[in-house]
Amino acid sequence: TAGLRDTDDEVEKLGIEVSGRYLAQAQVVLACGASPDDVARTMEAVHDRTMATVIPVHTKWDLWEAEHATAQVDSVMVSAESGAGLTDLLAHIDDTAQCGAPDSSPDSVIITRERHRAGLTTARDELAEFVSVWTSGALPAPVAAVHLHTAREAIAELIGSVETEEVLDRVFRDFCIGK
Numbered sequence: 056t057a058g059l060r061d062t063d064d065e066v067e068k069l070g071i072e073v074s075g076r077y078l079a080q081a082q083v084v085l086a087c088g089a090s091p092d093d094v095a096r097t098m099e100a101v102h103d104r105t106m107a108t109v110i111p112v113h114t115k116w117d118l119w120e121a122e123h124a125t126a127q128v129d130s131v132m133v134s135a136e137s138g139a140g141l142t143d144l145l146a147h148i149d150d151t152a153q154c155g156a157p158d159s160s161p162d163s164v165i166i167t168r169e170r171h172r173a174g175l176t177t178a179r180d181e182l183a184e185f186v187s188v189w190t191s192g193a194l195p196a197p198v199a200a201v202h203l204h205t206a207r208e209a210i211a212e213l214i215g216s217v218e219t220e221e222v223l224d225r226v227f228r229d230f231c232i233g234k
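In our numbering, the protein residues as written are 56 to 234.
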């Protein structure tokens with residue numbers, strides 16, 4: 056997660072912005088770490104920054120293996136020192152890049168536009184937030200339903216079922232000069 060953090064340094068902010076653009080456009084992202092905790096932190100850091108398939112990769116496997124030989128880990132294990140696992144990693148990347156995801160099917164969806172990614176991300180996040188507040192009882196039903204409404208609006212915009220007035224408002228807000 057080097058470079059994916061909050062900072063006051065202007066140069067570092069530019070680097071983080073560039074990383075964010077690459078993550079947003081990526082088809083495959085490698086979440087690398089030298090321990091299960093490192094990999095988990097990296098997965099969490101990239102989760103909201105990409106719609107790409109994220110492959111968890113344990114690095115320094117030659118060192119880690121001796122300490123945690125019995126651990127159950129759902130990731131690719133590699134060692135730059137010995138070269139172990141690199142062939143498996145390359146094959147996994149290749150399979151993912153060709154298929155869109157290791158478990159993809161002919162019905163899989165490929166997202167090609169930033170607007171689509173943003174809309175789907177908003178819908179996913181709002182639905183997850185609704186489930187969270189609804190199951191915890193943290194909010195009354197009418198307030199929790201705001202999350203469902205926001206998710207519905209995001210999906211409606213993607214499929215083109217938005218109100219004419221909303222479209223006109225957006226055109227004038229985003230494209231008109233000198234208003």
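Don't be surprised by glycine CBs; every beta carbon is placed ideally from N, CA and C.
*Through-space distance from Arg96 to His113, alpha-carbon basis*: 12 Å
*Within its chain, find whatever has a CB closer than 7 Å to the CB of Ser130; leave out the 5 residues flanking it on each side and keep chain order.*
Val94, Pro111, Val112, His113
*So, using beta-carbon positions, are Leu78 and Arg104 closer together than 8 Å?*
yes
_Span of the alpha helix (DSSP H) around Leu203_ = 196-214
*If you draw a straight line from the alpha carbon of Val84 to that of Asp149, how long is it in whole angstroms?*
12 Å
*Could you pull the start and end residues of the beta strand (DSSP E) that Thr108 belongs to?*
108-113
*On the premise that Ala183 lies in contact with Ala209, defined as a C-beta separation below 8 Å, what is that separation, rounded to the nearest angstrom?*
Not quite, the Cβ-Cβ distance comes to about 13 Å (not below 8 Å), so this is no contact.
*asked:* What residue range does the alpha helix (DSSP H) around Val83 cover?
replied: Careful: Val83 lies outside any alpha helix (DSSP H), inside the beta strand (DSSP E) at 83-88.
*Opposite Met132 in the DSSP bridges: which residues?*
His113
*asked:* What would DSSP say about Ser159, mapped onto helix, strand or coil?
replied: Below a pLDDT of 50, predicted positions are generally treated as unreliable, and Ser159, at 47, falls in that range; the measurement from the model is reported next regardless. Residue state, collapsed to three classes: coil.
*Give me the Cα-Cα distance between Val198 and Leu175, rounded to the nearest whole angstrom.*
22 Å
*Please report the Cβ distance between Leu194 and Val186, rounded to the nearest whole angstrom; I am assuming they are in contact, meaning their Cβ atoms lie under 8 Å.*
Leu194 to Val186, Cβ: 12 Å. No contact.
*asked:* Measuring only the C-alpha atoms, how far is Val101 from Asp224?
replied: 33 Å
_For a quick check, are the C-beta atoms of Ala135 and Val109 less than 8 Å apart?_
no
*Distance between beta carbons of Val133 and Leu144, contact taken as under 8 Å*: 5 Å
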